[in-house]
Amino acid sequence: MTAVLPQALTAPAVVHHPDAADGPWWRDAVIYQVYPRSFADGNGDGIGDLPGITARLGHLAALGVDAVWLSPFYRSPQADAGYDVADYRDVDPLFGTLADFDALLARAHDLGLRVVVDLVPNHTSDEHAWFAEALRTPPGSPERARYLFRDGRGPDGSLPPNNWDSIFGGPAWTRLTPEQHGVDDGQWYLHLFDSKQPDLDWTNPEVRAEFEDVLRFWLDRGVDGFRVDVAHGMVKADGLPDWDGHVSMIEGSDDGDAADPADAVSGSGNQGPMFDQDGVHEIYRSWRAVLDEYDGDRMLVAEAWVEPLSRLARYVRPDEMHQAFNFAFLATGWDAPALRRVIAASYAVNDSVGAPTTWVLSNHDVVRHHSRLGLPDPTSRPNGIGAADEQPDEELGLRRGRAATLLLLGLPGSAYLYQGEELGLPEHTALDDALRQDPAYFRTGGAELGRDGCRVPLPWSAQEPGFGYSATGDTWLPQPASWAAYAADAQDGVPGSTLELYRAALRLRRAEGLGTGGAAWEPAYDGQDHVIAVRNGDVLVVANLGSAPVPLPDGAELLLASGLPGDAPAGAELPADTTVWLRTR
Ligand code: GLC
Ligand code: CA
């Protein structure tokens, strides 16, 4: 072994101090996102459901995660795959019944898994009882005041009340018409997303009371927490002023200023009049008070596409939410200096409010990271990839994806995994456009392909029709034939498979207490720009994002390596696009 590195590993640059090992469960939890329509189908109609999930919970227990977050399964016309809720207190028949939910929760708890459900408070479905009541009553009625109805501009009110665009494309306003709505007063309603997702008016006390009651409904049933959808969008600036910025969930706008060093690493703000208004924090304080009435460390996690990180940290102040997804990390790509800056800034801002960081690389809204990292520019962040687009390099993406995951799981804090990433699943990058369902595809006239490619039903069994996702072989979106190799049963017990890598990482993470550990830059790698080397207790996490191998310290015990099966084992040197966990004392 070459002794290229200095052996004195003293005075590392601390970026985060260890947490109490006996703190609340969510501080270091690994939380697995289940997207119900695509996880497992229990009744053979091709759409995943709650009984299907319950039957497969053993997979999650064996994987070694702490909790499951379920994307929406509530009553919904499915205009945005359930993020358009018609009844917050019932299960959509597509997914089962409330009794099926109770059975899922009981089974999960028996297996030691916590359950977090999705809360969608920014908007309801246009098929929610409240919206129907609003259409039945005149402008100015209390029923309309639950939403954001306004008169139009121009002499005949035929221009929208302001110039906002919908995040899914097209205008953010729809005018009521006799034909479509049975209403002839010509008012407009605001929808930051699809026209079937009218925004609620969160200045209305009735709206606030209703959602506190919805929280209690699910807390009483025993859920362990809530993932809060569009947590940065619920309050709009007074007067709904025009805005010329670009409305996007996944990119910041350019109108902020970057005085704070943490701001410089994570964008310059996403502060249009519909995002990140100070008023949202009052709502979360009231929700926190509701959760605090319950035992069992119930939690709230914010989906807030807020920049910079210092603004995001405001959502996790001690009397607000518990966690917020770290999308700055997700968006950074494959760039060691940039990742080091995001990691350091994340700890700095979160530690300043006493909250854990919450690492994430994939979810149901972004191109899967095993494919994203195989794109020529992993920061290009396309909203979907189609057959006509440049295709990601599948092997490179998987190699980097596994390395990125091993980096993420080696860092203290909480971590979110998206279903299928434990199989190394790539994005479906050649879906037939005729099968697409994401409203963003339709509202942009196909300019954005949308998120269907990361929502394809999971492959469980290589040899079965539909890869074992449903008994009939039906799948609501087709699975690529190449997914046979990614099926769970094809990887189970196979040394070096992605599934076994994730299992081993989660086992070690727990055994070594990495989630509650500290983080310090390893001085031996100072000046090696393409390396991220973090000491977490006795474990040294080293990721090589460069193109040439780098030396590893003498005498270190190799605990785990992210390299693909068939790679030369990491020994004295760490190959390109690989992460290792070492024990060095
Ligand atoms: C969140 C969800 C996304 C949904 C949107 C509107 O961003 O993650 O899937 O389309 O909110 O509810
Ligand atoms: Ca089904």
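Each step along the sequence shown adds one to the number in my numbering, with nothing skipped, and position 453 is 514. Cβ coordinates follow ideal geometry from the N, Cα and C atoms, glycine included. Because the structure is a prediction, the values reported are computed rather than measured.
Could you check if residue i belongs to the surroundings of ligand 2, using beta carbon to heavy atom distance under 7 Å?
i: residue 109; result: yes
i: residue 102; result: yes
i: residue 506; result: no
i: residue 106; result: yes
i: residue 527; result: no
i: residue 143; result: no
i: residue 113; result: yes
With DSSP collapsed to three states, give me the class of residue i.
i: residue 161; result: helix
i: residue 593; result: strand
i: residue 386; result: coil
i: residue 210; result: strand
i: residue 640; result: strand
i: residue 397; result: helix
i: residue 328; result: Only weak support exists for where residue 328 lies, its pLDDT of 49 falling under 50; the coordinates are left without a value.
i: residue 273; result: helix
i: residue 94; result: strand
i: residue 304; result: coil
i: residue 177; result: strand
i: residue 454; result: coil
i: residue 618; result: strand
i: residue 635; result: strand
i: residue 420; result: strand
i: residue 77; result: strand
i: residue 479; result: strand
i: residue 217; result: coil
i: residue 195; result: helix
i: residue 466; result: helix
i: residue 460; result: helix
i: residue 233; result: coil
Measuring only from the beta carbon, is residue i closer than 7 Å to any heavy atom that is part of ligand 1?
i: residue 156; result: no
i: residue 388; result: no
i: residue 181; result: yes
i: residue 503; result: no
i: residue 513; result: no
i: residue 171; result: no
i: residue 342; result: no
i: residue 477; result: no
i: residue 278; result: no
i: residue 226; result: no
i: residue 148; result: no
i: residue 291; result: yes
i: residue 426; result: yes
i: residue 336; result: no
Identify the residues that DSSP records as bridge partners of residue i: which are they?
i: residue 242; result: DSSP output for residue 242 lists no bridge partner at all.
i: residue 104; result: DSSP output for residue 104 lists no bridge partner at all.
i: residue 583; result: Bridge partners of residue 583: none, in fact.
i: residue 184; result: 260
i: residue 605; result: 592 and 639
i: residue 287; result: 178 and 361
i: residue 612; result: 634
Please return the same chain residues whose Cβ sits closer than 8 Å to the Cβ of residue i, not counting the five positions on each side in sequence.
i: residue 304; result: 223, 224, 225, 333, 334 and 335
i: residue 119; result: 172
Could you pull out every residue in the same chain whose Cβ sits closer than 7 Å to the Cβ of residue i, ignoring the five residues on either side in sequence?
i: residue 565; result: 621
i: residue 205; result: 195 and 198
i: residue 245; result: 239
i: residue 562; result: 463 and 623
i: residue 412; result: 77
Leaving out the 5 sequence neighbours to the left and right, which residues in its chain are closer than 6 Å to residue i when beta-carbon positions are compared?
i: residue 136; result: 147, 148, 151 and 153
i: residue 403; result: 326, 389, 390 and 393
i: residue 340; result: 296
i: residue 275; result: 149
i: residue 416; result: 377
i: residue 578; result: 79, 473, 597 and 598
i: residue 90; result: 127, 128 and 475
i: residue 436; result: 453
i: residue 595; result: 580 and 602
i: residue 75; result: 581
Inspect the CB distances between the region 157 to 171 and the region 185 to 197 and report whether three or more fall short of 8 Å. no
> Between the region 124 to 138 and the region 539 to 556, do at least 3 Cβ pairs fall closer than 8 Å?
Replying inline: These segments do not touch.
Legend entry - Stretch-stretch touch, CB-based, cutoff 8 Å, three pairs: the region 200 to 214 with the region 167 to 176: Here the region 200 to 214 does not lie against the region 167 to 176, with fewer than 3 beta-carbon pairs under 8 Å apart.
Discussion item. Check whether the region 604 to 611 and the region 635 to 645 are in contact - that is, three or more C-beta pairs closer than 8 Å.
Written reply: yes
query = Is it a yes or a no for the region 530 to 549 touching the region 256 to 265, going by three-plus beta-carbon pairs under 8 Å?
reply = no
Three-pair Cβ contact test at 8 Å for the region 519 to 538 versus the region 100 to 111:
yes
* Asked: Contact between the region 410 to 430 and the region 439 to 458: three or more CB pairs below 8 Å?
  -> yes
Worksheet item: Looking at C-beta atoms only, is the number of pairs between the region 347 to 365 and the region 378 to 385 that lie closer than 8 Å three or more?
Response: With a cut-off of 8 Å, the region 378 to 385 and the region 347 to 365 count as touching, because enough Cβ pairs lie within range.
* Asked: Counting Cβ pairs closer than 8 Å, one from the region 486 to 504 and one from the region 91 to 100, do we hit at least three?
  -> no
Notebook entry, point to check: For the 8 Å Cβ check, are there 3 or more pairs between the region 541 to 550 and the region 565 to 576?
Noted result: no
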